[in-house]
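Taking it in order: structure first as structure tokens, then the write-up.
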Amino acid sequence: MQKQPKKSPGRLPHTWWVDDYRARCDEAIEVLLNSRSDRQPRESRLEDLPQLPETGFSIGRYTNAEHYKDGLFSAVFRAHNPDAHLEVSAPGMVALKVTTLSDNTPPHDAAKEARLLKAAKGSNIIPLIEVFQQSGGRLIMVFPYMPYDLGVLLHRKQITRDSGRAILKDMFSGLAHLHRLGIIHRDVKPPNILLASANGPAYIADFGIAWSPHDHASELPEAKILDVGTTCYRPPEVLFGNSKYDSGLDMWAAGCVAAQVLCLSGTTLFDAGDLGSELALIKSIFASLGTPTLETWPEAADFPDWGKMNFKEYPAKSWQELLPTADDDAVDLVKDLVVFESSRRLTAEAALEHKYFRGGNPQGCKPRE
């Protein structure tokens, strides 16, 4: 009779170890998702493909995942792509955005984000590699890992004149694609412009609050949520209660981003104060562009909150004062985007045809003397 090998003392079946490891990973991820008491996104690190630790979290089929960034309602991990060897075009590293669906509050909706990313597939839109769910109501979206974002590049003044022009062209190309589909991104800002390298290409990311007329979870067109956008990039129409806004909302924000790329770097065009106050933002906009009247902003007559308060009458500053180092073409681009009357703002397609992108001084800034 063949001798049976002795079982090692204290050993449990292999499946127990696997289940326990997965449970520990799930528990650790849940702690990360629930530990951000201030709910403020953490600045992403600026670096090339990092050396990942030998041990890390296991998220689905992605192993040794490292937590590196927080969103408002999500935790983002990076991991090696197990499919990288299967095709040349597959990214070597991926980013995994983990969201607990029950934590989402309108207009934040991770399930809708995944649907809109699939619908918006195209150049200059961050590619969605796959999406899957795990226990605990967690939704995981997998993207190519992008080591750069525009916010960090601006803060560190690492944008060259040529790369700035290329990045803006990619941003407007992505917005033109979205707007042709009827999608409003609703959170255009530098941290949501991701880059494969410091010189591009650039991709629009984070569709967590995006709106589409074709998605069942989006609000009615005439009753859109007003709590959209991020502080200094929010347009005046939402500050005065216009829930019928359109893609012009994205174009105001894009103009604010362009102002930073072309001239202001880490400084925003408008200032909402330390607390992100709407009144502080209104004051900053009016103090820069001049306090509007119904002659200069006709559509405001239909806004629910227009006329409820009296504001100081500020004179408009010149765009040369607001963007002191930008050349004429760059100034012209921004001033055609950052306009009170939303219907007068350049569309994304029109912005791509602007003379700033067609010729003259391609860098957008006056040469240093």
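The numbers in the UniProt record's numbering rise by one with no breaks, and the one at position 7 of the sequence shown is 7.
For every residue, glycine included, the Cβ atom is placed at its ideal position computed from N, Cα and C.
Predicted model only: the values in this text are computed from it and were never measured.
Taking 8 Å as the limit between beta carbons, can you name the residues of its chain near His108, skipping five residues before and five after? Excluding positions up to five away in sequence, the list reads Leu72, Phe73, Gly208 and Ile209.
Rounded to the nearest angstrom, what separates Asp206 and Ala90 at their Cα positions? The alpha-carbon separation between Asp206 and Ala90 amounts to approximately 21 Å.
How long is the line joining the alpha carbons of Ser173 and Ser123, rounded to whole angstroms? Cα to Cα, the separation comes out at about 8 Å.
Strictly under 8 Å for the Cβ-Cβ distance: is Pro235 near chain E by that measure? In the structure shown, chain E does not exist; there is a single protein chain.
Enclosing alpha helix (DSSP H) for Lys97 [first to last residue]: Premise fails: Lys97 lies in the beta strand (DSSP E), Met93 to Thr100, not in any alpha helix (DSSP H).
Identify the residues that DSSP records as bridge partners of Pro144: which are they? The partner list for Pro144 (beta bridge, DSSP) reads Val94.
So the candidates are Pro324, Ile225, Ala259 and Leu178; which of them puts its Cα closest to the Cα of Ser243? The option with the nearest alpha carbon to Ser243 is Ile225.
Determine, using beta carbons only, whether His185 and Leu194 come nearer to each other than 8 Å. The beta carbons of His185 and Leu194 sit no closer together than 8 Å.
DSSP-derived helix/strand/coil call for Trp319: Three-state DSSP puts Trp319 in a helix.
Could you give the DSSP three-state label for Trp306: helix, strand or coil? Secondary structure at Trp306: coil, using DSSP grouped into helix, strand and coil.
Between which residues of its own chain and Asn199 is the CB-CB distance below 7 Å, once the five residues before and five after are set aside? Around Asn199: Ser163 and Ala166.
Buried or exposed (CB count within 10 angstroms, at least 16 for buried), Lys189: Buried: at least 16 other Cβ atoms inside 10 Å.
For Leu101 and Leu117, believed in contact at Cβ under 8 Å, the rounded distance: Actually they are not in contact, since the Cβ atoms of Leu117 and Leu101 sit about 16 Å apart, beyond 8 Å.
According to DSSP, simplified to helix, strand and coil, what is Ile126? Ile126 falls in the coil class under three-state DSSP.
Just verifying my parser: in three-state terms, what is the DSSP assignment at Leu195? Of the three classes helix, strand and coil, the one that applies to Leu195 here is strand, per DSSP.
With burial defined as no fewer than 16 other Cβ atoms inside 10 Å of the residue's Cβ, what is the status of Asp83: buried or exposed? That one is exposed.
Proximal residues to Arg42 (C-beta, below 7 Å), its chain only, five neighbours per side dropped: Bear in mind that a pLDDT of 43 at Arg42, under 50, signals an unreliable position, so the number given afterwards is only what the model happens to contain. Same-chain partners within the cutoff: Lys69 and Asp70.
On the DSSP bridge list, what partners appear for Asp149? According to DSSP, Asp149 bridges with Leu194.
Residues in the same chain with beta-carbon distance under 8 Å from Ala114, minus the five sequence neighbours each way, listed in chain order, please. Cβ contact annotation for Ala114 (same chain, cutoff 8 Å, sequence separation greater than five): Leu128, Val131, Leu139 and Met141, in chain order.
Assign Ser197 to buried or exposed, taking buried as 16 or more other Cβ atoms, counted over all protein chains shown, within 10 Å of its Cβ. Ser197 comes out exposed.
How many whole angstroms separate the CB atoms of Gly266 and Arg345, which I take to be in contact at a CB cut-off of 8 Å? Not quite, the Cβ-Cβ distance comes to about 25 Å (not below 8 Å), so this is no contact.
What did DSSP end up calling His80 once you bin it into helix, strand or coil? Looking at His80 - three-state DSSP - the assignment turns out to be strand.
Who are the near neighbours of Leu150 in its chain, counting only those whose CB is closer than 6 Å to its CB and skipping five residues on each side? Here the set comprises Pro190 and Ile193.
8 Å Cβ shell around Arg358 - same chain, five flanking residues per side excluded: Only residues of its own chain outside the window of five on either side were considered, and among them none has a CB closer than 8 Å to the CB of Arg358.
Do the CB positions of Leu175 and Ala120 come within less than 8 Å of each other? No, Cβ-Cβ distance for Leu175 and Ala120 is not below 8 Å.
What is the DSSP secondary structure of Glu113, counted as helix, strand or coil? Residue state, collapsed to three classes: helix.
Taking contact to mean at least 3 C-beta pairs separated by less than 8 Å, is the segment 291–302 in contact with the segment 336–344? A contact exists between the segment 291–302 and the segment 336–344.
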